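Residue numbers (my numbering): 140 to 389.
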Amino acid sequence: LGSWPTLRKPSLRLLTARRTMAFIEEVDVQDGSDDEPIIEELEESPPPPTKAAKPKKREKPKRDGVALTEDLIRRKAEHNEGMLSTLEEIALHQLDIDKIEVLNSCRHLKIVYLQNTLISKIEGVNRLKKLDYLNLALNNITRIENLEGCESLRKLDMTCNFIDLDELHTVGSLKDNTCLRELDLHGGNVTDDGVATLVRSLVDNPLLVALDLSNNRVGSTGAGALASLLAASTTLEVLNLSQNSLGDAG
């Protein structure tokens, strides 16, 4: 007697394929169609191009401010034993201060933090000859002024203020601050027209090293104006234009 042939079970993959074909034939008969089933491959469509989100314009807070007094400065100058005559650094942020006139009495101040308050006007600092860094971010300031006397001012932070197109020309007042190296206008809703005004105002400040215009509304036209500033300046090394809508041309 010959040996019985070895029977092998069909693979699971083959059974699955047969069941799939049987199911297709059954559906085809029920539909009464003689057309062969068409199996289409779905191609993944590329995701739509993402556009840079325009920054939301910050609204001015609607709360009452408090006055900056010498007593308040003394309390915040505990690290200097409350002495104002030799005070070199002070942090007065998040105190809802709306006026800063009395800072002039601290003649040796070099670093001042006044971010996230309610200040609407730069004043009371024109006698701070040694002031090196002034942080006025997140305030209600509408123009740059009264800084001419700050002869040593090296860095000015004006992040997220309200200097609109009509007042951007006041940046030109910084021409007297010959030590200024860094200017931060991040989040100020600066447009292309604003950039043109800004460039004209910075022509007389040839020593600027860093300019931050990130998170604004600068387009390709504004980028072109800034390119001319870069070409004309021999000192500008850092120009931050991130989070803008420059487009391909920009």
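For glycine and all other residues, C-beta sits at the position ideal for the given N, C-alpha and C.
Keep in mind it's a predicted model, so treat the numbers as computed, not measured.
Here the stretch 330-343 lies against the stretch 360-373, with 3 or more beta-carbon pairs under 8 Å apart.
Sixteen is the threshold: when 16 or more other Cβ atoms of the shown chains lie within 10 Å of the Cβ of His-325, as they do, the residue is buried.
Counting only the Cα atoms, Thr-225 lies some 18 Å from Leu-292. Only residues of its own chain outside the window of five on either side were considered, and among them Thr-281 and Arg-282 have a CB closer than 7 Å to the CB of Glu-306, listed in chain order.
Excluding sequence positions up to five before and after Asp-315, its CB lies within less than 6 Å of the CB of Glu-287, all in the same chain and listed in chain order.
Less than 8 Å separates the beta-carbon of Leu-253 from that of His-232. Counting other Cβ atoms within 10 Å of its Cβ, Ala-206 stays below 16 and is therefore classed as exposed.
The straight-line gap separating the alpha-carbon atoms of Glu-228 and Ile-212 is approximately 11 Å. Beta bridge pairing from DSSP links Glu-228 with Ile-250. Just measuring C-alpha positions, the residue of Val-357, Leu-277 and Cys-289 sitting nearest Glu-262 is Cys-289.
Leu-270 is a Cβ neighbour of Val-251, given a cutoff of 8 Å. By the C-beta density criterion, Arg-356 is buried, having at least 16 other C-beta atoms within 10 angstroms. Taking C-beta atoms under 8 Å as the contact rule, Leu-267 and Asn-243 qualify, at a distance of about 7 Å. Taking C-alpha positions only, Leu-385 is separated from Leu-365 by approximately 12 Å. Residue burial is scored here from C-beta neighbours: Asp-296 has at least 16 other C-beta atoms within 10 angstroms and is therefore classed as buried.
Annotation for Val-377: the continuous beta strand (DSSP E) segment containing it runs 377-379.
Secondary structure note for Ile-236: its beta strand (DSSP E) is the uninterrupted segment 236-238.
Pairing Thr-256 with Leu-234 gives a Cβ-Cβ distance under 8 Å.
The Cβ atoms of Arg-320 and Leu-347 lie closer than 8 Å to each other. When beta bridges are read from the DSSP output, Asn-274 appears opposite Tyr-252 and Asp-296. In the three-state scheme derived from DSSP, where H, G and I count as helix and E and B as strand, Asp-315 is classed as helix.
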